[in-house]
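Residue numbers (the numbering used here): 242 to 362. Note that the Cβ used here is the ideal one computed from N, Cα and C, for glycine as well. Shown next, in structure tokens, is the structure this report addresses.
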């Protein structure tokens, strides 16, 4: 009964083994060229400073808010792919459901826009 899933399980096991092997062996076979520049924190090519430039040592919340909104809307849009693949089989029911989903995402987008979540001021 589970016979058709054996190749899939073997493929996942092979992928996991390769990942573990790669991470375990990399420190031993990889080049070691440590210097001061590599050991410093990376800040987009700018010399690192002990404190962030903006505010009293705090990072602006707008960066985190934008990242979270991107993740939220990106994940919601991923749900459209299964519909695109099986649109023929779903028929009118699928069309109505995906329209409701898009309308819901549109309302969420309008709410965030209206509340100023997309402003950089």
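Under 8 Å between C-beta atoms of residue 328 and residue 335 | yes
Is residue 361 helix, strand or coil by DSSP?
-> coil
Using CA coordinates, which residue listed in 275, 271, 354, 333 is at the minimum distance from residue 307?
-> For residue 307, the nearest C-alpha among the options comes from 354.
Which first and last residues belong to the alpha helix (DSSP H) in which residue 253 is found?
-> 247–270
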